[in-house]
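Beneath this line is the structure, given in structure tokens, with notes to follow.
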Amino acid sequence: MNDGKKYQSGLHENSRGGARASLDGWYVLRPDSDSIRSELLSPSRESLPSRFNKGGYKYITMIYLAGIDTLVIGFYLSKFNLNDKDYNALNTAKELAKAPTFKSSGHGTNFQKIDFVMSPAGRKPYTYILLNNDFTLKLAKEVLNGSFPEIFIELRSQFLWRYGYKHIYTFIKEWVNTWAEIKSDIVSRADLSIDVKGFPDITIENVVSRARKGKSYLQLIPIQQGETYYYGSKITGWVFGSGPLMIRIYDKLYEIKLVHKEWFQDLWKQGGWDGESGVARVEIQLRRDFLKDFNVTTFASFEEALGDIFRYVTQDWFTLREPSGDKNRSRWPVTPFWSEVQTSINNFGKIYGLARGQIKEAKTNFLIPQAAGLITSILASMDSFTLGDVDREINRYLKKKGLTLEDAVSEKKKQNSMFEDGYEPF
């Protein structure tokens, strides 16, 4: 794309000698650990949207998007390969994060060639918490001898949609192995999500469960006690279950406007969204206590069990059915909406290649109207005030905090040096 040319079909050699496909004029880089590393370690590089799926393209009438939206993985270590310089840098960043200037947002730092924001406080047993808009890294100061994973990583939504959970896992594991020695890993949480055309009309009568008996998590989860969410008089979603296993069904189109994740619309369009139809998100939250019942510990065991877990949750534990004359509710026909959800497992693992530029544009489109509203309000409230006066007052305010405008902008750039997602880190 840099040379202004568009290729309509076929494969072309990239700079590393590998193949890259093209689709409607967009380059589609086959994602691997090298491409993810290049993207992370070169924040200025732009890549372009793709819908690459090495299994081929499959267009489904009602499913716009399906995959893993959050993944939390712990790594048990035999040793750290960090030196005194590394620890001094971590400790310095943490102390700076506690300073009044940065305390609310943390301090920008670079750890093992990736940019983060250092949190001012750890969370036992993790001394350091480093965040960016791709993942959160919780890091112990020393080997914990199996009591807890020495490293916990939460992979965020936009990072997972960009490269796919399998490639992200490979990259993260290879990256950690450059500064530590991994003994094993453990999957702590996974959120599966399916974005479906329309928005279902659900009552508790539609909910039918054929859950297995004797499973510990069933005692913790009253499946029939669904919570309903409203915006004014409009129903915006439902929640079923709690704790280790939960299903949320909600109006995703409404939600992305609240949290400024309009970039989801670009992904939906790849799946056939017309730009106007309603979109419902079905979100399945799987926590550690539930995963243990399916013998899930490592990432490899999670991959092996994913199909069985999805089938159990969407076919046995929870279904939406149309009432019929049959006294046996489990024989009622499944609603068309839920039937589409049940088939969406075929889409898991697909790589959507979300471009960073789409995220930046969405956030800028949100910030500019805010800035315009604030500036015009200031000008309206202060007689004879000009834009130059506003600029002078901003610099005066920053000077009181010991900063110049350039300092403040530089710090913001460090905090936002990775992908812009609008994600609020925990």
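Following my numbering, the numbering of the sequence shown begins with 180 at its first residue and continues without gaps.
Cβ coordinates follow ideal geometry from the N, Cα and C atoms, glycine included.
Asked, Found
"Unbroken beta strand (DSSP E) run spanning His346, endpoints", "Run containing His346: none in the beta strand (DSSP E); it sits in the alpha helix (DSSP H), Tyr344 to Val355."
"Length at least 3, wholly inside the stretch 436–503: the beta strand (DSSP E) runs in chain order", "458–466"
"Per-residue burial, Glu585 [other beta carbons within 10 Å of its own, 16 or more giving buried]", "exposed"
"For Gly422, three-class secondary structure by DSSP", "coil"
"Cα-Cα separation, Gly422 to Leu470", "12 Å"
"Coil, strand or helix - Ile573 by DSSP", "helix"
"Test item: CB-CB of Arg427 and Gln464 under 9 Å", "yes"
"Nearest-angstrom Cβ-Cβ length linking Leu499 and Ile381, presumed shorter than 8 Å", "7 Å"
"Through-space distance from Asn385 to Ala587, alpha-carbon basis", "54 Å"
"Strand pairing of Gly287, partner residues [DSSP]", "Val296"
"Own chain residues within Cβ distance below 7 Å of Gly416, not counting five before or after", "Tyr408, Arg427, Ile428, Tyr429 and Asp430"
"Buried/exposed call for Phe545, threshold 16 Cβ in 10 Å", "Because Phe545 carries a pLDDT of 43, less than 50, the predicted location of this residue cannot be relied on, and no value is offered for it."
"Beta-carbon proximity list for Val461, same chain, < 6 Å, skipping 5 on both sides", "Ile373, Ile428 and Val520"
"Beta carbon of Lys273 nearer than 9 Å to that of Gly301", "yes"
"Cβ contact check for the stretch 446–462 and the stretch 240–249: 3 or more pairs under 8 Å", "yes"
"Nonlocal neighbours in the same chain, by C-beta distance under 7 Å from Ser480, ignoring five residues either side", "Asn474"
"The stretch 253–262 in contact with the stretch 315–332 per 3-pair CB rule at 8 Å", "yes"
"Buried/exposed call for Val296, threshold 16 Cβ in 10 Å", "buried"
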